[in-house]
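One structure is given below, encoded as structure tokens.
In my numbering, the protein residues as written are 20 to 562.
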């Protein structure tokens, strides 16, 4: 019996971005197992439209006033806590049906670690004969925490392509597992055996991901298959908020031919690839290497039928004219540019260089070559003030980009996480370490954080009106109830609320019953935003 089951657990949160949940890591591990002769199945819990509204966890009760009313206006955020994907019972029944001797469960993100544990519990309940191993970012940095649960037999730290085949072989042959890289387990005396994380020394030695095991139809965009590629691992940067550059993960690149062959193999097995997302941490860092990849993609898809994206973000320092022109030529339509902040003091806190000139240059060439851009900033980080974030918003309002705002959360393995731990400022629960939970209330209050997030929605709506050549409304007060409103009139309702916001600085929404209500926010901050907005010319987002 050489059956192995790999599981991506369901997610519980206020929202889920489907295009970011493609189980690329499991496909890579599956390929390494298949190469060693194992029969592998991937159970992707998130490749399902199933959602169920559930009760918000008690530790998040403070969010009730933030998201307590469903809003059908363009300024909406979240309104209910949900379970996304298949049920835990379904996962347990799947394991029972497939009868694997080994089940690998992915636990990538710390706030969702309970879902991974519940998955392990369901599998053991329905099929107790299997061994369960958990891997991913959270078990790598918190192995003891994970192994406290009796349903988890092993943790694999680091890159599972290395260690998973070795663990499978050792279990089948009843051999010692002590020398497996990255292995962690609980000993009989309640101590833990924990080894250093496993590393893929040469990325080119490993097979292309087993995309045939993934329900790629679920991840379609515009009726065409969407896939994920990583051309490199790690990042040489040391940004304070990121765990990748501050951890065991060294920066390594695949050979250009390896990357192109991986894409080619995927395009041969999938009849209509229309979208490729590069999930690298720093895709454009090595200019010569990246240009060769782009050139290879041009040759692979001469009809330019595939759109490319780098959703993890691109450093503006690497985006010169030659790179941007080559990206446009290869199939990029939108650039996700990682700024973090344009405030000089905050950049230093983030351990990032001054990016203002680089951002301006990158946006100049983005405009020149008719590409769109989304610029991402972080708000609510330790020692970051609401005024810092307001300056970032006003900066983005004046640029021809969409404003992407990420609410800060501490990531285990980052230097920020260690600093917050030492100063007793970490959230009280792992589940709070997510953007939607607004983890910190330090130099930016949670009330200010939610205001900044809503103000970014207002900026992007103004940009939408400019792009559509729709007149920006004048400041005006409206009645508290709107008649005959439906989704098709969402833009009209947004224009009405925007004019009212210009009138008194209060951010409002609209219920499904057509009642206007006031969102929980800082009116002082929103009025300060209006004063600063009046000093600039707001730009649209489209070229």
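C-beta: ideal position from N, C-alpha, C; glycine also.
Three or more beta-carbon pairs drawn from the stretch 167–178 and the stretch 121–141 are found closer than 8 angstroms, and the two stretches are therefore classed as touching. Closest in C-alpha terms to residue 400, from the list 453, 384, 449, comes 453. With contacts defined by Cβ atoms closer than 9 angstroms, residue 281 and residue 273 form a contacting pair. Between the alpha carbons of residue 299 and residue 41 lies a distance of about 14 angstroms. Within a 10 Å sphere around the beta-carbon of residue 101 sit 16 or more other beta-carbons, which makes this residue buried. Around the Cβ of residue 435, a 10 Å sphere holds 16 or more other Cβ atoms; the residue is buried. Assignment of residue 510 by DSSP, reduced to helix, strand and coil, places it in the helix class. The stretch 253–271 makes no contact with the stretch 312–330; the number of CB pairs closer than 8 angstroms stays below 3.
Exclusion of the five residues before and after residue 179 leaves 48, 154 as the residues of its chain whose Cβ lies within less than 6 angstroms of its Cβ. The beta carbon of residue 458 is closer than 6 angstroms to those of 428, 446, 451, 452 in its chain, skipping five residues each way along the sequence.
Around residue 144, the same chain offers 111 as residues with beta carbons nearer than 7 angstroms, after the five sequence neighbours per side are excluded. A contact is defined here as three or more CB-CB pairs under 8 angstroms, and the stretch 351–366 meets this definition with respect to the stretch 319–330. Judged by their CB atoms, residue 520 and residue 477 are nearer to each other than the 9 angstroms cut-off. Spatial neighbours of residue 136 in its own chain (CB-CB distance under 6 angstroms, excluding positions within 5 residues in sequence) are listed in chain order as 168. Measuring C-alpha to C-alpha distances from residue 342 to each of 322, 413, 308 identifies 308 as the nearest.
In the DSSP annotation of this structure, the continuous segment of the alpha helix (DSSP H) that includes residue 415 starts and ends at 405–416.
Separation of residue 381 and residue 344 (C-alpha to C-alpha, rounded to the nearest whole angstrom) is 11 angstroms.
Below 8 angstroms, too few C-beta pairs join the stretch 207–218 and the stretch 229–249 to call them touching: fewer than three. In the assembly as shown, residue 383 is an exposed residue. Its beta-carbon has fewer than 16 other beta-carbons within 10 Å. Counting along the chain, residue 495 sits inside no alpha helix (DSSP H), nor does DSSP assign it H or E at all.
Scanning the stretch 167–235 from its first residue to its last, the whole alpha helix (DSSP H) runs of 4-plus residues come out as 179–191.
By a beta-carbon distance limit of 8 angstroms, residue 174 contacts residue 165. Their separation comes to about 5 angstroms. For residue 145, the enclosing alpha helix (DSSP H) begins and ends at 132–145.
Rounded to the nearest whole angstrom, the CA to CA distance from residue 58 to residue 43 is 18 angstroms.
Following the DSSP letters along the chain, one finds residue 88 in no beta strand (DSSP E), marked with neither H nor E. In this structure, residue 303 places its C-beta atom within 9 angstroms of the C-beta atom of residue 338.
As DSSP reads the structure, residue 102 sits in a beta bridge with 31, 71.
In the three-state scheme derived from DSSP, where H, G and I count as helix and E and B as strand, residue 476 is classed as helix. The Cβ atoms of residue 244 and residue 431 do not sit closer than 9 angstroms to each other.
In the DSSP assignment, residue 348 falls within the unbroken alpha helix (DSSP H) covering 340–349. With respect to the 9 angstroms criterion, residue 25 and residue 124 are classified as neighbours on the basis of their beta carbons. DSSP places residue 267 in the coil class of the three-state scheme, outside both helix and strand. The beta carbon of residue 412 is closer than 8 angstroms to those of 396, 422, 424, 471, 474, 475, 478, 548 in its chain, skipping five residues each way along the sequence. When C-beta atoms of the stretch 91–99 are compared with those of the stretch 56–70, fewer than three pairs fall below 8 angstroms, so the two segments do not count as touching. Residue 156 and residue 126 have their C-alpha atoms roughly 7 angstroms apart. Put simply, the backbone Cα of residue 531 is about 21 angstroms away from that of residue 75.
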